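Sequences listed follow chains V and Z, in order. Following our numbering, the numbering of the first sequence begins with 1 at its first residue and continues without gaps. Following our numbering, the numbering of the second sequence begins with 1001 at its first residue and continues without gaps. First comes the structure, then the notes that go with it.
There are 2 protein chains.
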Amino acid sequence: MSAQILPHEAPEALVERLALAGRAAQRRLAQLPDEAKAAGLRAAAQALRDDAPEILAANARDVAAGEANGLTGAMLDRLRLDPARLAGIADAVAQVAALPDPVGQVIDSSVPPSGLHLSRVRVPIGLIGIIYESRPNVTADAAALCLRSGNAALLRGGSEAVQSNHAIHAALTRGLVSAGIPAEAIQLIPTQDRAVVGAMLTAAGLVDMIVPRGGKSLVARVQADARVPVLAHLDGICHTYIHEAADPAMARAIALNAKMRRTGICGAMETLLLDARFPQSGDVVGALLDAGCELRGDARARALDPRILPAGANDWDTEYLDAILSVAVVDGLDAALDHIALHSSHHTDAIVTADAAVAERFLNAVDSAIVMVNASTQFADGGEFGLGAEIGIATGRLHARGPVALEGLTTYKWVVRGTGQTRP
Amino acid sequence: MSAQILPHEAPEALVERLALAGRAAQRRLAQLPDEAKAAGLRAAAQALRDDAPEILAANARDVAAGEANGLTGAMLDRLRLDPARLAGIADAVAQVAALPDPVGQVIDSSVPPSGLHLSRVRVPIGLIGIIYESRPNVTADAAALCLRSGNAALLRGGSEAVQSNHAIHAALTRGLVSAGIPAEAIQLIPTQDRAVVGAMLTAAGLVDMIVPRGGKSLVARVQADARVPVLAHLDGICHTYIHEAADPAMARAIALNAKMRRTGICGAMETLLLDARFPQSGDVVGALLDAGCELRGDARARALDPRILPAGANDWDTEYLDAILSVAVVDGLDAALDHIALHSSHHTDAIVTADAAVAERFLNAVDSAIVMVNASTQFADGGEFGLGAEIGIATGRLHARGPVALEGLTTYKWVVRGTGQTRP
């Protein structure tokens, strides 16, 4: 079922051939009714369940190879599947099938003086390239979201997960084809040649958008080399500012949750800004330290607790993804806004305050994809935002921002219905 | 008032300095109430009227230099201002002031199970780079649209219009500043050094979007070299397909209007597809020929009228922008769709038919920014679409498609209002 490489086929030729096949499949997909796409995804979910022995065996081979090649424990954990994880992957595909189809939705409509009936109607983007690392679940997740929104996908997974990805892709494809979906709607790049990634990134006109899923070095390479639009975030340097009018218990609970619930996600707080007039700052930092978090502070923060280490200049621009937090004391809202404007990665930034006017000023002035008042930055997630799933979180300014799900995988066209109008 | 070049300043340094000034001005602009932006634009319109003698004198110097340098008549016409044209430019700025401000509009909102109040709120994109050629009106048009939507603009006009652009920019700026708008919100690049264009195109993180306004060679260069998102259309190879069930009089009127009303606009029809079963094709091509249009046809089209010249292979991919039209006879809807899929530039494509089911199939299957039934492709225009004005027409797939006006110059952020929620 998987795509093959032709003898002596150059990376650019491979990408062009697969992209043209994917685009042709996407045009057929675009003509299918909503229910056909949903039925295809339900069949794909069932095929993943049916193929569990083969998929787990393939994954075991990847894990064994990874161990032999000295992968770190965290990388092996991202790679490893077990029956529960695989069932979760299949369930997620079935859940995407149950999401409402964005294609065909009318965004708005109008009748200008010419009498033309205008409407903007959501349509798929086309062919989405997904470039990812060791997590084999991305093969199913990304494919399901692309297909649900009428797009074709060109998947390029990491070499660590090559056996797992092929097994998952084979199951997905069998399920989709059994429901009448073209096999080329979801294609897995059949080689680990890194030059193919470069060819995908520069395939303007063939690949409509690239979504990188992985660590910072992958995203940075994709952003640097792509000539195709990229939907991504490079990092999540998320701030929480505790205003002087914050409720003390709320401030402590939110700070603890924003940092410590899961330290490795992009919505985890990386810098805590404590207002100099907030009386309970010592309690907040004490709770974080007691919870096992390493704090790195400026001079005024360090005066709050002797356990706080000195922060270096780089700490304010560092995404730790770990139980480490930079802490600064600031003089009021404007100083907090200045710090955030200088150091935020425009992902998610939050304020804790009981002063509604201060909250509105913060929400208005902070230029990030997500701005929050009185909530943990760890809520920055498509599932928590009610999107059902997410293809990623975007910190770029165009097209889609923040958690991106099915709507962000569509564009629109203007549909104009006339009765013979000519322009005067 | 205009920005200055510092001694020995490299193009990249100039762009960075102006971009940072523009971004700082944009942040102040974003905090101003809607009425302040509108008042600024009204003052700018008045300043353009007040400065009419200076602007017309500057323009006369540009025109004289252009004549001395051998500019073509069409280029001189685009460059030349007269009191009526200048009044039109000022009126257009005042009209943009009267358009509704998109900033702050709530796109949608929801309350997921966490109880967080989520909303997506429109915000400006940031700093927009405008790269244009000989039309001095772009200086005012683009600046007004950017400012109305809360963005700062970095304008780089053509060398032919350098005196006119500086005079218009000086008037605009005086008006804006008199109403409390930062002068750096609208900056004109103070040099014609072409390397500055390259520096703008690669200023990722400094310039948020580039809008090229000009001929195909300018747009092609911008699209090829830009590392910043570009909003543009390379060309408008617009098709009209006359289906067998078309009303004959409507077909003739639409074909004539789509081609001949104005041949030089991007929404002008460039290829006419006549269904082999449409009985009155001879009348349609006869009317076009009688109106002075040169027709270039395939063999079956040429059989309709001896005045039709033979089309070469390139004609199906040529934007004439002139009284020239390629004509093909096709066998039914699917053949028309195949031709359009192969040759359309995804700008505007239309069908003329009285068969509603065929019309819907066409509207659904044609993958262009604008799809029309029973209307002239010359309606492809932001003003005709009720947008009040347009910064351009986009044929890319992401962010905004078709005519782009104020909404397309905004993005959104997620605003999250909590009551102390932490994520479980």
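C-beta: ideal position from N, C-alpha, C; glycine also. If you're wondering where the values come from, they're calculated on a predicted model, not measured in any experiment.
- By the neighbour-count definition (other C-beta atoms within 10 Å, threshold 16), Ala57(V) is an exposed residue.
- His1399(Z) sits in coil when the DSSP states are folded into three classes, being neither helix nor strand.
- DSSP, read as helix, strand or coil, puts Pro1124(Z) in strand.
- Leu1099(Z) sits close to Ala1389(Z), with the two beta carbons spaced by under 9 Å.
- Under the DSSP assignment, Leu272(V) falls in the beta strand (DSSP E) whose first and last residues are Met269 to Asp275.
- From the listed residues Leu14(V), Ala39(V), Thr263(V) and Asp247(V), the smallest Cα separation to Ala94(V) is found for Ala39(V).
- Using a 10 angstroms sphere on the CB of Leu20(V), the tally of other CB atoms stays under 16, which defines it as exposed.
- When C-alpha distances from Ala1092(Z) are compared across Gly1070(Z), Val1138(Z) and Leu1295(Z), the shortest belongs to Val1138(Z).
- By the beta-carbon neighbour count (other beta carbons within 10 angstroms, threshold 16), Asn1314(Z) is exposed.
- DSSP, reduced to helix, strand and coil, places His339(V) within a helical segment of the structure shown.
- Sequence-distant partners of Val1211(Z) (beyond 5 residues in either direction) whose C-beta falls short of 6 Å from its own C-beta, in its chain, are Ile1130, Leu1231, Ile1391 and Gly1392.
- Counting every other CB atom within 10 Å of its CB across the protein chains shown gives Gln4(V) a total below 16, marking it as exposed.
- At least 9 Å separates the CB of Leu1032(Z) from every CB of chain V.
- When rounded, the separation of the alpha-carbon atoms in Asn1257(Z) and Arg1085(Z) is 25 Å.
- Chain order gives the chain V residues near Val1415(Z) as Leu363 and Val371, where near means a beta carbon separation below 7 Å.
- Its chain contains Leu1231, Ala1232, His1233, Ala1369, Ala1400, Arg1401, Gly1402 and Val1404 as the residues whose beta carbon lies nearer than 7 Å to that of Ala1394(Z), once the 5 sequence neighbours on both sides are disregarded; these appear in chain order.
- A Cβ-Cβ separation of about 16 Å leaves Ala311(V) out of contact with Val284(V) under the 8 Å criterion.
- Selection Glu16(V), Gln31(V) and Val15(V) evaluated against Asp1367(Z) yields Gln31(V) as nearest (Cα-Cα).
- Counting along the chain, Asp1349(Z) sits inside no alpha helix (DSSP H); it lies in the beta strand (DSSP E) bounded by residues Thr1348 to Val1352.
- Put simply, the backbone Cα of Thr377(V) is about 16 Å away from that of Val1111(Z).
- For Ile1168(Z), the enclosing alpha helix (DSSP H) has its first and last residue at Val1162 to Ser1178.
- Under the 9 Å criterion on CB atoms, Glu9(V) is classed as non-interfacial with respect to chain Z.
- For Gly126(V), the chain Z residues whose C-beta falls within less than 9 Å of its own C-beta are Asp1367 and Arg1397, listed in chain order.
- Put simply, the backbone Cα of Gly1126(Z) is about 19 Å away from that of Arg1213(Z).
- Residues of chain V with a Cβ closer than 9 Å to the Cβ of Ala1253(Z) are, in chain order, Gly420 and Thr422.
- In the three-state reduction of the DSSP assignment, Asp1283(Z) falls in the helix class, which pools H, G and I.
- Its Cα nearest to that of Pro136(V), the residue Ile168(V) stands out among Ile168(V), Ala357(V) and Val106(V).
- Contact of Ala1375(Z) with chain V by beta-carbon distance below 7 Å involves Leu116, Val416, Gly418 and Gln421.
- Listed in chain order, the positions of the segment 301–326 of chain V with a beta carbon within less than 8 Å of a beta carbon of chain Z would be empty, since no residue qualifies.
- Spanning the alpha carbons of Ala1255(Z) and Ala36(V) requires a straight line of approximately 38 Å.
- With contact defined as three or more Cβ pairs closer than 8 Å, the segment 1407–1423 of chain Z and the segment 1102–1119 of chain Z are in contact.
- Within the segment 197–217 of chain V, contact with chain Z at the beta-carbon level (separation under 7 Å) is assigned to Asp208 and Met209.
- Taking a cut-off of 8 Å for Cβ pairs, the segment 413–422 of chain V and the segment 147–165 of chain V do not touch, as fewer than three such pairs fall below it.
- Assignment of beta-bridge partners to Ala303(V) by DSSP yields no partner.
- If you draw a 10 Å sphere on the C-beta of Asp51(V), you find 16 or more other C-beta atoms in it, and that means buried.
- A straight-line Cα-Cα distance of about 16 Å links Pro190(V) and Ser134(V).
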